[in-house]
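Top to bottom, those sequences are chains A and B. Per this note's numbering, the very first residue in the first sequence carries number 1; after that it's consecutive. Per this note's numbering, the very first residue in the second sequence carries number 1001; after that it's consecutive. Think of the CB as a built atom: it goes at the ideal place given N, C-alpha and C, for glycine as much as any other residue. Notes follow the structure.
There are 2 protein chains.
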Amino acid sequence: MSTLTVPNQVPSVSEDCEQLRKAFADLLKALDKELSNDFERVVLLWTLDPAERDAFLANEATKRWTSSNQVLMEIACTRSSNQLLQARQAYHACYKKSLEEDVAHHTTGDFRKLLLPLVTSYRYEGDEVNMTLAKSEAKILHEKISKKAYTDEDLIRILATRSKAQINATLNHYKNEFGNDINKDLKTDPKDEYLALLRATVKCLIRPERYFEKVLRLAINRQGTDEGALTRVVTTRAEIDMKVIKEEYQKRNSVPLDRAIVKDTTGEYEKILLALIGHGDA
Amino acid sequence: MSTLTVPNQVPSVSEDCEQLRKAFADLLKALDKELSNDFERVVLLWTLDPAERDAFLANEATKRWTSSNQVLMEIACTRSSNQLLQARQAYHACYKKSLEEDVAHHTTGDFRKLLLPLVTSYRYEGDEVNMTLAKSEAKILHEKISKKAYTDEDLIRILATRSKAQINATLNHYKNEFGNDINKDLKTDPKDEYLALLRATVKCLIRPERYFEKVLRLAINRQGTDEGALTRVVTTRAEIDMKVIKEEYQKRNSVPLDRAIVKDTTGEYEKILLALIGHGDA
C-alpha cells in the first residue's frame, strides 16, 4: 500500500505558497524562541540560589539520556559536602521527592552503581590523610583496573566515600607505585561511556578546574556551540572558581576564555556570559 | 618442643596461694567494672546529644560483627532525614571520617549492598503518595521476592530511597494484591541473617514501635539480659516514642515494660532505666 497520496483536490500554486509561508513563519518563531532561550536560561539559572540551581539541574538531568549522567556526577563531586546536602534539601522542597530517589529510578546498571553513592555522599572534608590506607587502597584500585573490573564495588566505594584529600593521596600513590595516572589506565576504550564518566569523576574529585576547562573547551570547540554546558559551567562556577578555570582555559587553549566566548556567541547571551566570567578582570 | 615448662625454682604452696588470690582479685575487679559499666553506659549515652549518640553507636557498630549491622540499619531507618543527617555531621566531627566511609569499609557483600544506601539516604518526608508508583513497585518487589532475589538492586533501591509514606503505600498494595505481608514472604529461611536484617528494615521503616518492642522483648526474655540492646533502645527512644513502645510491649507480652525491667535488672542501672522510660507515668 502506497504511503504517498495526492489530495483529491489539488491545491493551487498560491495556496501552496501560503502554506509554505506559514510553515516557515512557525519555524522561525520556534528558532527565535530557541535563540532567546539561551539568554533566558542564564538569567533563570543565575537567579536561583545555588542549592535550588543544583536541584534544578539535577532534576533536569534525571529526565534525560545517559549523557546527563555527567551533570549528576558533576554536582555530586565538585560541590562541598554541605552544598551537596543543601541541594538535596532544595530537591525535597522543589520536587516533593528525594534526589537519590530520582537518580536511582532513572538510571540503570553500571551508571546507577556509580551515581547513587556519589549523589548521596557526605564526605569528610578535613585535610588529614591516612598514608597506610592510601597505599592499600591504591593497590586495590590497581588490581581492579588491571582486571578491567571497572564497576567493582570496592573501586566505587573508594571514590564515593573517601574524603577528597584521602583520594588525592591514594591517587598520588597509585601514580608513584604503578607508573601511570589512574585516568590513563581507565582509558582502555575511549568510546565506553561508563569509563568516560569514571574518568570525569576522578577529575572532578581531585582537579575540578581541569574538569571544567575541558567541559568548556568541548562546548565551544565544536560544530554549533553546546550552550547547555557553557551556561551550566558559567552560572554554577562564576562565584566559586571561575578565575582558576579561566587560567586553565588560557593555558590549555592559548586563547582567553572571553575571546573564545565572543567568537562563538552573540547578543544578550554573549554579554551576560562575559559579565559572569568577569570580562575585563582577566 | 614442649610448651609447658616448670620454673627452675618451684614456688612454695603459700606463694601459689598468694598468686591465685591476686589473680582472682583482678578478675573480680574486672567483673565489678563490667557490672557498673551498664549504669555508666546509660549515663554516657544519655549525656550525649542525640546526633552524637547516634554517631557513637554507629561508630561502635562499624567495629563489631555482623549482628551490629542491625544497629546501623536502625539508626538509618528510624530517625528523621534531618536527624540522620545530623548524626552524619556529628560523625565527621567526632571521628574525622564519614559514616558511610566506615560502613562501606567494614561491611561486605549483601550487607554492604543494603546498608550503604540506607545510611546515606535523605528521604523525602511529605505525606504525598503516588499510587501508580506504589502499584508498580509492589509488583517489582513481589517479582524479586518470588525469585528469591533478595539482594536485587531494585528491591534495595525501593526500600532505601522512597519516602516512608510511599513505602507504606507500596507495602499495603503488596499485601492487598499478593495476599501476604511482605515480611512473611521474606521469612523463607529464618536463620538467614541478611533476610532478618531485611525484615527488620521493613519494620523500622513502617512500624518502628513494633520493631523496638521486639528488640526489647528479645533483650529481656533471654538467658542473661542483653544490656547493650536494652540500654540503646531506652536511651535513644526515651524522648521520642517510648510511650508507644511501652504500649506495644504491654500488648505483646501481657506485662508492662517497667515490670519486666525490674525483674531483669538491679541497682542504679535498674533505677535509671525506669526513670528514662517514665516509670509511674504508665
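Per DSSP, what kind of secondary structure is residue i in: helix, strand or coil?
i                 : result
Leu48 (chain A)   : coil
Gly1278 (chain B) : coil
Thr1062 (chain B) : helix
Pro190 (chain A)  : coil
Pro11 (chain A)   : coil
Arg41 (chain A)   : helix
Ser80 (chain A)   : coil
Asn1130 (chain B) : coil
Thr1201 (chain B) : helix
Arg207 (chain A)  : coil
Please work out which residues of its chain come closer than 6 Å, Cβ to Cβ, to residue i, disregarding the five sequence neighbours upstream and downstream, and give them in chain order.
i                 : result
Val305 (chain A)  : Lying outside 1 to 282, the shown extent of chain A, residue 305 (chain A) is not represented and no answer is given.
Tyr1211 (chain B) : Lys1203 and Cys1204
Trp1046 (chain B) : Thr1235
Thr1078 (chain B) : Cys1204 and Pro1208
Who are the Cβ neighbours of residue i in its own chain at under 8 Å, not counting the five residues just before and after it?
i                 : result
Ile182 (chain A)  : Leu141, Ile145, Leu171, Tyr174, Lys175 and Val202
Val1071 (chain B) : Leu1057, Ala1058, Glu1060, Ala1061 and Arg1232
Tyr1194 (chain B) : Asp1110, Phe1111, Leu1114, Tyr1150 and Thr1151
Ala160 (chain A)  : Leu114, Pro117, Leu118 and Ser121
Arg1199 (chain B) : Asn1183, Leu1186 and Lys1187
Glu177 (chain A)  : Lys135, Ala138, Lys139 and His142
Tyr1095 (chain B) : Ala1055, Asn1059 and Asp1102
Pro256 (chain A)  : Lys246, Tyr249, Gln250 and Ala282
Taking all protein chains shown into account, decide if residue i is buried (16 or more other Cβ within 10 angstroms of its Cβ) or exposed.
i                 : result
Met73 (chain A)   : buried
Val1233 (chain B) : buried
Cys1017 (chain B) : exposed
Arg1162 (chain B) : buried
Ala1058 (chain B) : buried
Arg157 (chain A)  : buried
Leu1020 (chain B) : exposed
Asn1008 (chain B) : exposed
Gln1223 (chain B) : exposed
Asp1127 (chain B) : exposed
Ser1014 (chain B) : exposed
Thr235 (chain A)  : buried
Pro97 (chain A)   : Position check: residue 97 (chain A) holds Lys in this sequence, whereas Pro was assumed. The residue is buried, with at least 16 neighbouring Cβ atoms inside 10 Å.
Gln1069 (chain B) : The residue you asked about is not Gln; residue 1069 (chain B) is Asn in the sequence shown. By the 10 Å Cβ count, Asn1069 (chain B) comes out buried.
Thr1108 (chain B) : exposed
Glu1125 (chain B) : exposed
Glu248 (chain A)  : buried
Asp1049 (chain B) : exposed
Which residues in the same chain as residue i place their Cβ atom closer than 7 Å to its Cβ, once the five residues preceding and following it in sequence are excluded?
i                 : result
Arg41 (chain A)   : Thr231
Glu1100 (chain B) : Leu1116, Val1119 and Thr1120
Ala219 (chain A)  : Thr225, Asp226, Ala229 and Leu230
Val244 (chain A)  : Glu209
Val215 (chain A)  : Ala229 and Val233
Met242 (chain A)  : Ile277 and Gly278
Asp189 (chain A)  : Leu195
Leu44 (chain A)   : none
Glu52 (chain A)   : Ala90 and Cys94
Is any non-hydrogen atom of the ligand SAH found closer than 7 Å to the C-beta of residue i, if you look at the structure I gave you?
i                 : result
Ala1023 (chain B) : Judged by which ligands are present, the structure shown has none, so any question about the ligand SAH falls away.
What are the start and end residues of each continuous alpha helix (DSSP H) run of 4 or more residues lying completely inside the region 143–184 of chain A, in chain order? Listed in chain order, the alpha helix (DSSP H) runs fully inside the region 143–184 of chain A are 153–161 and 164–178, counting runs of at least 4 residues.
What ranges does the alpha helix (DSSP H) occupy inside the region 1219–1258 of chain B, keeping only unbroken runs of at least 4 residues that lie completely in it? For the region 1219–1258 of chain B, whole alpha helix (DSSP H) runs of length 4 or above, ordered along the chain, are 1227–1237 and 1242–1253.
Every unbroken alpha helix (DSSP H) inside the region 1087–1127 of chain B [4 residues or more]: Unbroken alpha helix (DSSP H) stretches of 4 residues or longer found wholly inside the region 1087–1127 of chain B: 1099–1106 and 1109–1119, given in chain order.
Taking beta-carbon pairs under 7 Å, can you tell me which members of the region 89–106 of chain A lie near chain B? Cβ contacts with chain B come from His92, Lys96, Lys97, Ser98, Glu100, Glu101 and Ala104.
Note down, in chain order, all residues in the region 118–140 of chain A with a beta-carbon under 7 Å from any beta-carbon belonging to chain B. Residues are counted here when their Cβ sits less than 7 Å from a Cβ of chain B; for the region 118–140 of chain A these are Thr120, Ser121, Tyr122, Arg123, Tyr124, Gly126 and Glu128, given in chain order.
Can you list, in chain order, the residues of the region 1050–1082 of chain B whose Cβ is nearer than 7 Å to any Cβ on chain A? The residues in question: there are none.
Between the region 160–180 of chain A and chain B, which residues of the former have a C-beta closer than 9 Å to a C-beta of the latter? The region 160–180 of chain A vs chain B, Cβ under 9 Å: Ala160, Thr161, Arg162, Ser163 and Gln166.
Residues, ordered as in the chain, of the region 141–158 of chain A that lie near chain B by beta-carbon distance below 8 Å: Within the region 141–158 of chain A, the residues whose Cβ lies closer than 8 Å to some Cβ of chain B are Glu153 and Arg157, listed in chain order.
At a CB distance below 7 Å, what residues from the region 208–232 of chain A approach chain B? Give them in sequence order. So the list is empty, because no residue satisfies the distance condition.
Any C-beta of chain A within less than 9 Å: which residues of the region 1243–1276 of chain B qualify? Contact residues of the region 1243–1276 of chain B toward chain A are absent (C-beta to C-beta distance below 9 Å).
Check distances from the C-beta atoms of the region 1192–1205 of chain B to those of chain A and list, in chain order, the residues that come in under 8 Å. So nothing in the stretch comes that close.
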